[in-house]
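Protein sequence lines correspond, in order, to chains A and B. Take 9 as the starting number for the first sequence in my numbering and just add one per residue. Take 7 as the starting number for the second sequence in my numbering and just add one per residue.
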Amino acid sequence: GPKVLQIPSHQIIDMGQMVTLNCDPVSNHLYFYWYKQILGQQMEFLVNFYNGKVMEKSKLFKDQFSVERPDGSYFTLKIQPTALEDSAVYFCASSSGTGENTLYFGAGTRLSVL
Amino acid sequence: GDSVTQTEGLVTLTEGLPVMLNCTYQTIYSNPFLFWYVQHLNESPRLLLKSFTDNKRTEHQGFHATLHKSSSSFHLQKSSAQLSDSALYYCALSDRYQGGSAKLIFGEGTKLTVSS
């Protein structure tokens, strides 16, 4: 089936540094999402993105977070600067926006902030 | 706000026994859409079941669930557990199913472990 790829699978950085998480969504999909999952807790919605713009964001999407998808390349989540509480698994997802609007997820990037 | 509750964090079963994973939800939407996603170890969460029709059973890969709006429930069931069913199961809620953003609200997840 359709696949969403996330790079890298694991990222370790020092607190205060910048990190960019990369997502290669399903090729014909138009809507893109980031979810955050702290160890042992549920996946929580961060943001969705369509037509070059953030459509909706949750209170977890702090000012230090930003998303973009320049020229149809990777859909990225940037955190600058990182904080200890940003340690989590970040899941990228995409959907077509039409028909049976199924959300397809990547395998996640585990971010460890030290 | 909207929320999804999965009461069991961990379910351990012997192969061949029936599976029932609970899911209840709260929402302001009169026509919610409910989903079950399954995540095997080191894999992506993937859609298992979906429903938006009240009191209609939906089935896929041996699993079934029925959306009951009267009780705000969407429990996942299977008649006989298999070793390969061991995974994380997430119940999720959306306010729409077709068109536009497919944003989901997830429950806490239930880890199902099936042993021989």
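Heads up, the beta-carbon is just placed ideally off N, CA and C, and yes, glycines get one too.
- Going by beta carbons, ALA87 of chain B and VAL44 of chain B fall outside the 9 Å limit.
- Taking 9 Å as the threshold, the shortest C-beta distance from GLY116 of chain A to chain B falls below it.
- Within 8 Å of the CB of ILE111 of chain B, the CB atoms of chain A belong to PHE53, in sequence order along the chain.
- For the pair LEU111 of chain A and LEU29 of chain A, the CB atoms are not nearer than the 9 Å cut-off.
- The C-beta separation of VAL34 of chain A from LYS11 of chain A comes to about 7 Å, placing the pair in contact by the 8 Å criterion.
- Distance from the CA atom of GLN50 of chain A to the CA atom of ASP79 of chain A, rounded to whole angstroms, is 32 Å.
- By alpha-carbon distance to GLN12 of chain B, the top candidate from B:SER78, B:ASN48, B:VAL120 and B:SER122 is B:SER78.
- Just measuring C-alpha positions, the residue of A:PRO89, A:GLN72, A:GLU52 and A:ILE20 sitting nearest CYS100 of chain A is A:GLU52.
- For MET26 of chain A, no Cβ of chain B is located within less than 9 Å of the residue's own Cβ.
- Taken atom to atom, the span from the alpha-carbon of SER50 of chain B to that of PHE113 of chain A is near 6 Å.
- The Cβ of GLN19 of chain A sits no closer than 9 Å to any Cβ of chain B.
- With distances taken between CA atoms, PHE73 of chain A lies nearest to A:LEU85 out of A:SER17, A:ASP22 and A:LEU85.
- Taking every protein chain shown into account, the CB of GLN14 of chain A has 16 or more other CB atoms within 10 angstroms, so this residue is buried.
- Setting aside the 5 residues that flank it on each side, HIS70 of chain B is surrounded in the same chain by ARG63 and GLN83, each with a C-beta closer than 6 Å to its C-beta; the list follows chain order.
- Taking a 10 Å sphere around the C-beta of HIS37 of chain A, we find 16 or more other C-beta atoms and assign the residue as buried.
- For a Cβ distance threshold of 8 Å, residue set GLN50 and MET51 of chain A lies close to TYR96 of chain B, ordered along the chain.
- Listed by position along chain B, the residues whose Cβ is nearer than 8 Å to that of TYR98 of chain A form an empty set, because the closest Cβ is around 13 Å away.
- In this structure, the beta-carbon distance from LEU23 of chain B to LEU73 of chain B does not fall below 9 Å.
- Here the C-alpha atom of THR119 of chain B lies approximately 22 Å from the C-alpha atom of GLY116 of chain A.
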